[in-house]
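Peer 1:
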Amino acid sequence: DPETNRANQQTVETLAGQALQRQQITANGLLHSEKEGTLYDIGLWLMEPNRMLNQRWLSVARYLLPAFNLWAFYHFLDTDSLGPLLSGLALAWLIIFIFSKYIFRQHKLITKKGAILEQYAGILNSFSKVDAGNAALLQSAKKDAHDAAKGIYQLARLSSMFDQRLNLVVFAVLNGFVLYDIQCMLELEKWKSTYKDRFDLWVDIVGRIELWNSLAGFRFNNPGYTFPLVHEQVCIIATDLAHPLIPASQNVSNSMELGSGEKLVILTGSNMSGKTTFLRTIGVNMVLAQCGAPVNATAFSFRPMLILTSIRVGDSLQENTSYFMAELKKLRSIIDVLAGGVPALVLIDEILRGTNSDDKTHGSE
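Under the working numbering, think of the first position of the sequence shown as 1078, with each following residue one higher.
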């Protein structure tokens, strides 16, 4: 979508000049390494129906029973009578036992999520201090960032508190006196009822923030790069296009035009003349352009489109696939996509190199 691409460019340009805020976002993002499955477990927990919050008697017991146990404890200290205290502790453990399987299941899904959730909240909190300027995407994300940071931080705190049940003293003493597991579960279910439908949006915002932050850092580190012009017409027009990963002292730039006139360009040249590098130059700059980032060119115009490549193809002993067959499968998949009429940039390096010249010629036709 051309309009979305232009909005991304404006977002990256606005964020690029705010080095302190970008560094804070990056620092928060590097605090902890996220383990695979973290968000999946939280998603499963969010889908679990609440079983305790609607139990009205629990809402009463969570306050009355701890108060009774506290009174019974002081009564024991004063009179040496254990009866009331033992009754209160027994009732508390009975309630814990009734919900024990449910509590164990919930804890398994939400345990040890506090650190990564605090990290997400930190990213959102740092982002909320960014100057959005006229960037519509930044303005929209900032509206949700403050509430998202607050909500996720609450969940992080509740998750960490719930993990205290792993401490034997907390589990044995606090459960008996104040229904610790029940208290934590009721607060978690209350959080779920309030924020369940917003959590996926918040995680999506964190992902977009990290994307924009990375692209803005790329822009800041390459001030000489150019933001592309987005056209409605399917075309790519580039002047002095170069690979962004090759040092400027070694880079060779080229100009190209594709789509406005020619639909097909065949690159020819001797070995090591840079044909493959130029194909990769086109591809990587198109990826940058479609992300809303600047490109390594003095001028660049394009229309967002699919990028289909057959540049690095390998055989596979495990799949019983030769190099030639692997390339045929790759080309077949490209043809199938193009049959749908979707605009696409196709980059093919040395087509059918895994066979003889005659088969290569016929196959290319």
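Backbone N, C-alpha and C fix where the C-beta goes; we use that ideal spot for every residue, glycine too.
Hey, could you find the ends of the alpha helix (DSSP H) E1334 is sitting in?
Peer 2: Stepping through the sequence shown from its first residue, residue 1334 is reached at position 257. Run containing E1334: none in the alpha helix (DSSP H); it sits in the beta strand (DSSP E), N1331 to L1335.
Peer 1: Please identify the residue among I1412, K1185, V1423 and P1371 whose C-alpha is closest to the C-alpha of G1301.
Peer 2: Here residue 1301 is taken as the residue at index 224 of the sequence shown, counted from 1. The candidate whose alpha carbon is nearest that of G1301 is P1371.
Peer 1: Are the CB atoms of N1085 and L1235 nearer to each other than 9 Å?
Peer 2: The sequence position of residue 1085 within the sequence shown is 8, counting from 1. The sequence position of residue 1235 within the sequence shown is 158, counting from 1. No, the pair does not count as a contact, with Cβ atoms beyond the cut-off.
Peer 1: Suppose the cutoff is 8 Å on Cβ atoms and the five residues either side in sequence are ignored; what does the same chain contact list for V1414 look like?
Peer 2: As a working mapping, residue 1414 is identified with position 337 in the sequence shown. So the qualifying residues of the chain are L1383, L1385 and A1421.
Peer 1: If you follow the alpha helix (DSSP H) that V1423 is in, where does it begin and where does it stop?
Peer 2: Your numbering for residue 1423 matches position 346 in the sequence shown. Looking at the DSSP string, V1423 is not in any alpha helix (DSSP H); the run it does join, the beta strand (DSSP E), is A1421 to I1425.
Peer 1: Taking only the alpha-carbon atoms, compute the straight-line gap between A1149 and L1163 and give it to the nearest angstrom.
Peer 2: Counting from one through the sequence shown, the residue named residue 1149 turns up at place 72. Counting from one through the sequence shown, the residue named residue 1163 turns up at place 86. Answer to the nearest angstrom: the Cα atoms are 9 Å apart.
Peer 1: By the three-class DSSP mapping on this structure, what secondary structure does F1377 have?
Peer 2: Taking the sequence shown and counting its residues from 1, the one referred to as residue 1377 is at position 300. Here F1377 sits in strand by DSSP.
Peer 1: In chain order, what residues of the same chain lie with their CB nearer than 7 Å to the CB of L1335, ignoring the 5 residues before and after it?
Peer 2: Translated into the one-based positions of the sequence shown, residue 1335 becomes position 258. The answer, listed in chain order, is C1312, I1313 and V1342.
Peer 1: Quick check on this structure: which residue in F1377, N1362, N1373 and V1089 has the alpha carbon closest to the alpha carbon of A1212?
Peer 2: Against the sequence shown, residue 1212 aligns to sequence position 135. Looking at the Cα atoms, V1089 is the closest of the given residues.
Peer 1: Check T1188 in the structure and name its three-state DSSP category.
Peer 2: Position 111 of the sequence shown, counted from the start, is the residue given in the question as residue 1188. Coil.
Peer 1: Would you identify the three-state DSSP class for S1387, choosing helix, strand or coil?
Peer 2: Taking the sequence shown and counting its residues from 1, one reaches residue 1387 at position 310. S1387: strand per DSSP, three-state reduction.
Peer 1: Which residues mark the beginning and the end of the alpha helix (DSSP H) in which T1303 is found?
Peer 2: Indexing the sequence shown from 1 puts residue 1303 at position 226. Neither: T1303 is in no alpha helix (DSSP H) and is coded neither H nor E.
Peer 1: Between the alpha carbons of F1181 and D1118, how many angstroms are there, rounded?
Peer 2: Translated into the one-based positions of the sequence shown, residue 1181 becomes position 104. Translated into the one-based positions of the sequence shown, residue 1118 becomes position 41. Rounded to the nearest angstrom, the two C-alpha atoms are 14 Å apart.
Peer 1: Would you call the CB atoms of E1195 and A1233 closer than 9 Å?
Peer 2: Along the sequence shown, read from residue 1 onward, the residue named residue 1195 stands at position 118. Along the sequence shown, read from residue 1 onward, the residue named residue 1233 stands at position 156. The answer is yes: Cβ separation under 9 Å.
Peer 1: Can you list, in chain order, the residues of its chain with a C-beta nearer than 7 Å to that of L1251? Leave out the 5 residues immediately preceding and following it.
Peer 2: For the purposes of this step, residue 1251 is taken as the residue at position 174 of the sequence shown. Y1257, listed in sequence order.
Peer 1: Excluding five sequence neighbours on each side, which residues of the same chain lie with their C-beta closer than 8 Å to the C-beta of G1210?
Peer 2: As a first step, residue 1210 is located in the sequence shown; it is residue number 133 there, counting from the start. These residues qualify, in order along the chain: T1091.
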